[in-house]
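Have a look at the structure below, then the notes.
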Amino acid sequence: MNSMNKSPFLTIAVPSGRLFQPILDLLQSTGYFGKLEYNLEKDRHLIFFDQDRKFRFIITKPKDNPTYVEWGVADIGMIGKDILWEEKKDVYELLDLHLGSCLLVLAGSRSKEEIMMSIERKIPLRIATKYPNISRNYCLRKGIYGEIITLFGSVELAPQVGLADVIIDLVSTGKTLRENNLKVIDEIASSSARLITNHISYKTKHEQIHQIVQVLREMVEQKG
Amino acid sequence: MNIIKGFQGFLPEEVEQRRFCEERIRKVFESWGYQEIDTPTLEYFDSLVPGIGPELKSQVFKLLNSEGEIMVLRPDMTTPIARLAATRLASSGGNIYKFYYLNNIFRRVSNQTEDQQEFHQAGIELIGLNNRLADAEVIAVAIQALQHAGLENFYLDIGSASFFNSVLEQLPLLPEQKRTLRATIMNKDFVQLEWLLSRYDLAKREQEIILCLPHWRGDESIIQEAKNMFGQSNPSVNQALQEIKEVYDYLKIFGLSDFILVDLGIIRNFDYYSGIVFEGYTQYSGSAICGGGRYDFLCRKFGRDLPSTGVAIDLEKLLPILAFKQKTEQKALVNNRYFIRYREDLLALAYCLAQKLRNENKQVEIELSKEHSPEVIKHYLKSKKIRYLIDVQSKDLTKVRQYDLETEQEEQVAYE
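These protein sequence lines map, in sequence, to chains A and B.
Reminder that position 174 of the first sequence reads as 174 in this note's numbering, one-by-one numbering, no gaps.
This note's numbering runs 1000 ahead of the 1-based position in the second sequence.
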């Protein structure tokens, strides 16, 4: 089946940001990808290769990662499940990498009881979030009359200055929430990094991608 | 000026590229005996809705008429053709209908990456037959259409819509669990799938069968392997595999097996597929360029039992892959294009000459304004890829000055 793979290398989309180093370490630890050298702090080029030039790595903004894969300019990608929920791209989700695990939560400065009460009374709940689609679905599912305010970052600020009643955001340690006097009201879902692939690449480069799934799966299971 | 998002206007060069491709595909369809069919752009929601599954339903453009009834823009061609076939065709039994279409369809795509909402499709429907030769013919026509459009290095994967259902049916699960599994597979979320399977009460072997599904892909030997693995205990799985094998064998007879791979994990999003399904792709495009399959129960939903199969080629997916090649072909001036200038009192003569050339299937333009400089005219001729400039300066049509823009030579030509 590899006969139809005319391009010399497999293209792998890696997200910049907090997942970058853990993903690179995971890839490195398998030994399958050879030596990978890239310093997110210093290097500015967005494309790099392994030493044997068998793989091409592209560095994407986290949110854009599945877009590159959906269009097939990257054969595989690695990205948090939260982004996949939010962006709803047409990609195959192959493996949970168990990296960057965190919770998607509804949090606010008022007590859980107070918030629940106003939800029950159908008082509009103003929600600040980086995840408008997830938030809309959550409100629909829970019957919350929500007003969604989309922000690009530092969402914790919004309830403190009166922009929103609550936030929907990712939490890993909970430190940021505590320091901003926010308490978890509801746990919406848990998220971790996933291996994704383009539908057609999965056909045309199946053997190679299947092998990558196997080596990564072994490594992930070893780490427990 | 605002235009509606996802609806695009096309300039002559863009239309020319699509038409070029469409005409070649049309010739192939007609050479196999398919006849063109057309359906209304707008239909009542109620008259199409029996055939539209939930996936497509959410993408349909809805409008209201003055009576408050809901109308929809056709979201695909297969459903309206099935409605037309079930309601309008002669009801004598045993008839076979071969239809083709070159048409636009409309879908509200929520996906942000695909801004487009109006699409152009070329396709065929073979109505009234349920056998594997009919399935193979549709695939063969699709291959030939793509070839004639100028596509190279492409493949078609064939699978079966009933294969996965049959595997699923056999599992000792609650109906709701089966629904969840199906939805998860449709979402292509194999992480969730694995998690679900580990929670359900299933034997290890059964879990593996489902998880392996996307890997069942390759040449025809896959069919036998799958038979050995699932077949013995499940007659409907066996039948699905047998069908794939038969189609494959027919395509071998047609000499097309080099284009074909078997993919038991094909997931096609429309609910109406009931048997053989397939999709075509190249490594140059991140999504399938054509797809289709058997839909034996769609016409029944509109009142008549007509087993059918068909294929649709997405021209928006196909054209960008062909574009580069066509551009180089289209640079050349077109041999049968003419432009006629004339001395002001000789318009009647110039007009006669133009009509005569037009009757000889040439494309002829007459100068419409005398106020343009020679440079402007030259530029215009180039942009229209016109090869010949005729200058009518005397009443004597046996000695007409004709300039060839390709050779940059002037010659004297005798016209009657």
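All C-beta atoms, glycine included, are put in the ideal place defined by N, C-alpha and C.
Here the structure is a predicted model, which is why all the values come from computation and not from measurement.
Residue i Cβ short of 7 Å to the ligand MN heavy atom set
i         : result
B:Lys1362 : Judged by which ligands are present, the structure shown has none, so any question about the ligand MN falls away.
Whole-number beta carbon distance between residue j and residue i, since they are thought to touch under 8 Å
i         : j         : result
B:Ala1145 : B:Ile1267 : Contact doesn't hold; Cβ gap of about 24 Å is too wide.
B:Leu1299 : B:Ala1082 : Residue 1299 of chain B is actually Cys in this sequence, not Leu. Right, their Cβ atoms sit about 5 Å apart.
B:Glu1043 : B:Met1071 : 7 Å
B:Ser1166 : B:Gly1275 : Actually they do not touch by this definition, with Cβ atoms about 11 Å apart.
A:Leu125  : A:Val166  : 6 Å
A:Ile79   : A:Arg194  : 6 Å
A:Ile168  : A:Leu104  : 7 Å
B:Tyr1338 : B:Val1392 : The Cβ separation is near 12 Å, so there is no contact.
A:Glu74   : A:Ile127  : Note that residue 74 of chain A is Ala in the sequence shown, not Glu. Not a contact, Cβ separation roughly 32 Å.
B:Ala1226 : B:Leu1202 : The Cβ separation is near 19 Å, so there is no contact.
B:Lys1052 : B:Thr1079 : One point to set straight first is that residue 1052 of chain B is Ile, not Lys, in the sequence displayed. The Cβ separation is near 6 Å, so the contact holds.
Separation of residue j from residue i, as counted between CA atoms
i         : j         : result
B:Asn1104 : B:Tyr1281 : 21 Å
B:Val1400 : B:Glu1016 : 32 Å
A:Ile12   : A:Phe55   : 7 Å
B:Val1311 : A:Tyr68   : 28 Å
B:Leu1056 : B:Glu1406 : 51 Å
B:Arg1018 : B:Arg1024 : 10 Å
A:Trp71   : B:His1372 : 47 Å
A:Glu221  : A:Val215  : 10 Å
B:Leu1211 : B:Asp1189 : 11 Å
B:Ser1383 : B:Glu1410 : 20 Å
B:Ile1340 : B:Ile1390 : 5 Å
B:Pro1075 : B:Gly1159 : 24 Å
A:His45   : A:Ile200  : 27 Å
B:Pro1307 : B:Glu1137 : 15 Å
B:Leu1349 : B:Val1364 : 14 Å
A:Thr60   : B:Asp1219 : 36 Å
B:Gly1417 : B:Asp1135 : In the structure displayed, chain B extends from 1001 to 1416; residue 1417 of chain B sits before or after that span and is not available.
A:Gly224  : B:Ser1198 : 17 Å
B:Gln1358 : B:Asn1335 : First, the residue type needs correcting, since residue 1358 of chain B is Arg and not Gln in the sequence shown. Cα to Cα, B:Arg1358 sits roughly 13 Å from B:Asn1335.
B:Arg1387 : B:Leu1347 : 21 Å
A:Lys42   : A:Leu24   : 16 Å
A:Ile47   : A:Lys89   : 23 Å
A:Ala107  : B:Thr1180 : 30 Å
A:Cys139  : A:Gly146  : 6 Å
B:Leu1193 : B:Lys1385 : 57 Å
B:Pro1175 : B:Ala1142 : 37 Å
A:Asn137  : A:Ser154  : 22 Å
Residue i at chain D interface by Cβ criterion, 8 Å
i         : result
B:Gly1159 : Judged by its chain identifiers, the structure shown contains no chain D, and its protein chains are A and B.
C-beta contact flag for residue i and residue j at 8 Å
i         : j         : result
A:Pro66   : A:Leu19   : no
B:Ile1037 : B:Phe1099 : yes
A:Ile196  : A:Leu40   : no
B:Arg1217 : B:Leu1264 : yes
A:Ile76   : A:Ile212  : yes
B:Ser1236 : B:Tyr1248 : no
B:Gly1303 : B:Ala1086 : yes
A:Glu207  : A:Thr176  : no
B:Lys1317 : B:Ser1369 : no
B:Leu1322 : B:Leu1151 : yes
B:Arg1108 : B:Gln1059 : yes
A:Asp82   : B:Val1191 : no
B:Leu1213 : B:Phe1278 : no
A:Asp52   : A:Gly34   : yes
Coarse secondary structure for residue i, derived from DSSP in three states
i         : result
A:Ala235  : The structure shown does not extend to residue 235 of chain A, since chain A spans only 1 to 224, so no value can be given for it.
A:Met78   : strand
A:Lys226  : Only positions 1 to 224 of chain A appear in the structure, and residue 226 of chain A is not among them; the question remains open.
B:Ser1101 : Correcting the residue type first, residue 1101 of chain B is Tyr in the shown sequence and not Ser. Strand.
A:Val155  : coil
B:Lys1317 : helix
B:Pro1307 : coil
A:Val220  : helix
A:Ser190  : strand
A:Leu105  : In the sequence on display, residue 105 of chain A carries Val and not Leu. In the structure shown, A:Val105 sits in a strand (DSSP, three-state: E or B).
A:Phe48   : strand
A:His98   : coil
A:Glu41   : coil
B:Gln1112 : Any answer about B:Gln1112 is weak, because its pLDDT of 49 lies below 50 and its placement is not dependable; what the coordinates show is given next. Correct three-state label for B:Gln1112: coil.
B:Arg1387 : strand
* Which full runs of the alpha helix (DSSP H) of 4+ residues lie inside the stretch 1202-1285 of chain B, going along the chain? -> If we require 4 residues or more, the alpha helix (DSSP H) runs fully inside the stretch 1202-1285 of chain B come out as 1204-1212, 1221-1226 and 1235-1253.
Handout entry: Ranges of the beta strand (DSSP E) found wholly within the stretch 1122-1163 of chain B, counting only runs of at least 3
Key = Correct list: 1154-1160.
Margin query: Suppose only complete runs of 3+ residues qualify. What are the beta strand (DSSP E) ranges in the stretch 107-151 of chain A, listed by chain order?
Written below: For the stretch 107-151 of chain A, the continuous beta strand (DSSP E) assignments of 3+ residues that do not extend past its boundaries occur at 125-129 and 146-150, in sequence order.
Check: What are the start and end residues of each continuous alpha helix (DSSP H) run of 4 or more residues lying completely inside the stretch 1009-1070 of chain B, in chain order?
Finding: Counting only runs of 4 or more, we get 1012-1031, 1045-1048 and 1054-1057.
Segments assigned beta strand (DSSP E), at least 3 residues, entirely inside the stretch 4-35 of chain A
Fully enclosed beta strand (DSSP E) runs of 3 or longer: 10-15.
Along the chain, which unbroken stretches of the alpha helix (DSSP H) at least 4 residues long are found entirely within the stretch 1334-1377 of chain B?
1347-1359, all fully within the stretch 1334-1377 of chain B.
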